[in-house]
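Here the sequence shown is numbered in this note's numbering, starting from 1 and rising by one per residue. What follows is a set of notes on a single structure, which appears directly below.
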Amino acid sequence: MTSLADALYQVKYNPFKYGEYLASFYAHLVGVENNLLVAQLVIPLCSYPVFYYKISNAKFGPRSKSTIWTIFDDRTQLYDLQERLDGFKELTDQSLQYCLINDWIEIDAQKLSISTLPTSETALYIHKSGANLGKLFSHLSVVEIYAFLGVTPR
């Protein structure tokens, strides 16, 4: 028997919802080798209300361009990111499996990379925060991303 709190958690954090965030992220991520290693950052950053708002409102144009340094300018807000990464590891794995089942992504195990596939019969909703996070992390190395955020992959 599950408690009400567990049931509410399952409704809010489910792989069907966050699979689209991962697919949106990888559809806009370019120039990152071994990009499978950054998958565990997507859900903790996109589900945290403060970062969700900042990432969703990021600007990418010729006049103004948001960077990882402008979005995550207050490092004190990252204090619990490592705990969130550890807590959402299973959800990230399940969301990746959901994306694979729906043919939204493919994984190259040799290169440790994920690439998106043309949308299949199952329609994919592009989440702005996931897409903008992919743009923010583009052309950065995995080591630079983790070092800047102050977390370690596990």
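In this text, a Cβ means the ideal position worked out from N, Cα and C, and glycines have one as well. For clarity, every value in this text was computed on a predicted model and none was experimentally measured.
Problem - Length at least 4, wholly inside the region 64-111: the alpha helix (DSSP H) runs in chain order - result: 68-71, 81-87, 89-101
Problem - Short Cβ contact (8 Å threshold) for Pro15 with Leu91 - result: Within the sequence shown, numbered from 1, the residue matching residue 15 stands at position 15. Within the sequence shown, numbered from 1, the residue matching residue 91 stands at position 91. Yes; because the gap between Cβ atoms is below 8 Å, this pair is in contact.
Exercise for the section: Could you tell me whether the Cβ atoms of Glu33 and His127 are closer together than 8 Å? Expected result: Here residue 33 is taken as the residue at index 33 of the sequence shown, counted from 1. Here residue 127 is taken as the residue at index 127 of the sequence shown, counted from 1. Result no, Cβ atoms of Glu33 and His127 do not sit closer than 8 Å.
Practice task
Report all residues from its chain with a CB closer than 7 Å to the CB of Ser56; omit the five preceding and five following residues, and keep chain order.
Solution key: Taking the sequence shown and counting its residues from 1, one reaches residue 56 at position 56. Cβ within range, chain order: Lys128, Ser129, Asn132.
Handout entry: Cut-off 7 Å between Cβ atoms - residues of its own chain near Glu52, not counting five sequence neighbours on either side
Key = To locate residue 52, count along the sequence shown from 1; it is residue 52. Checking the displayed sequence, the identity of residue 52 turns out to be Tyr instead of Glu. Excluding residues within five positions, the ones whose Cβ falls inside 7 Å are Cys46, Ser129.
Problem - For Ser56, the residue or residues it bridges with in DSSP - result: If you number the sequence shown from 1, residue 56 lands on position 56. DSSP lists no partner for Ser56.
Handout entry: Which of helix, strand or coil DSSP assigns to Ser115
Key = Position 115 of the sequence shown holds residue 115. Ser115 falls in the strand class under three-state DSSP.
Handout entry: Simplified DSSP state of Gly31, which is helix, strand or coil
Key = As a position in the sequence shown, residue 31 is number 31, starting the count at 1. Correct three-state label for Gly31: coil.
Exercise for the section: Find out if the Cβ-Cβ distance for the pair Leu29, Ser138 is shorter than 8 Å. Expected result: If you number the sequence shown from 1, residue 29 lands on position 29. If you number the sequence shown from 1, residue 138 lands on position 138. Yes, they are a contact pair.
Problem - Cβ pair Asp103, Leu81 closer than 8 Å - result: Within the sequence shown, the letter at position 103 stands for residue 103. Within the sequence shown, the letter at position 81 stands for residue 81. Not closer than 8 Å, so no.
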